[in-house]
Amino acid sequence: MVTNIILGTNDLARAEQFYDSLLALLGAKQTIKNDSSILWKSETNSVGIAVCIPFDGLPASNGNGSMVGLKAESFDHLKNIYNTALVLGGSCEGEPEEREPGVYAAYFRDLDHNKFGVFYLSEK
């Protein structure tokens, strides 16, 4: 049903550095790049994440109540994704922890303040 997730950016080169490092932790690499957008996908997932300069020429802004969810393979993987986002200049929206029994999550914002959640469901 979903082909990709597109997030606006005001600095494509800066977003490229952030997402190249962050999405590599999920096995994703650039599959399409042009003057206004970049798309990352992994070989095992048909859904990708893209960043783009808004087509209308107005500044990119984040959506209130919008969030992209990323799937981690373990709690350590979740913490690594979260910590990498912060090292790359992202900001904390909720540190890694167990939110409900067997449900682990962490939240961060990218350089353009788009919100992400990283989730791991343990098999307790």
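Heads up, the final residue of the sequence shown is numbered 624 in this note's numbering, and it's a clean run with no missing numbers.
All C-beta atoms in this analysis are idealised placements derived from N, C-alpha and C, irrespective of residue type, glycine included.
Note that the coordinates shown come from a computational prediction; the quantities given were computed from them, not determined experimentally.
- With respect to the 7 angstroms criterion, residue 539 and residue 548 are classified as neighbours on the basis of their beta carbons.
- If only complete runs of 3 or more residues are kept, the region 581–619 shows the beta strand (DSSP E) at 591–600 and 603–609, in order along the chain.
- The beta carbon of residue 580 is closer than 7 angstroms to those of 525 in its chain, skipping five residues each way along the sequence.
- Taking C-beta separations shorter than 8 angstroms and ignoring five residues to either side along the sequence, the partners of residue 532 in its chain run 538, 539 and 550, following chain order.
- Taking the CA atoms as reference points, residue 599 sits about 27 angstroms from residue 504.
- Residue 590 sits buried, since 16 or more C-beta atoms from the chains shown fall within 10 Å of its C-beta.
- Look at residue 521 here: in three-state DSSP terms it is helix.
- The criterion of a C-beta distance shorter than 7 angstroms is satisfied by residue 609 and residue 593.
- The beta-bridge partner set that DSSP reports for residue 548 consists of 504.
- Within the same chain, 604, 605 and 606 come within 8 angstroms of residue 597 by CB-CB distance, once the 5 residues on both sides are set aside.
- Of the residues assessed, residue 568 falls on the exposed side of the cut-off, its CB having fewer than 16 other CB atoms within 10 angstroms.
- In the DSSP annotation of this structure, the continuous segment of the beta strand (DSSP E) that includes residue 532 starts and ends at 528–533.
- In the three-state reduction of the DSSP assignment, residue 558 falls in the coil class, being assigned neither a helical nor a strand state.
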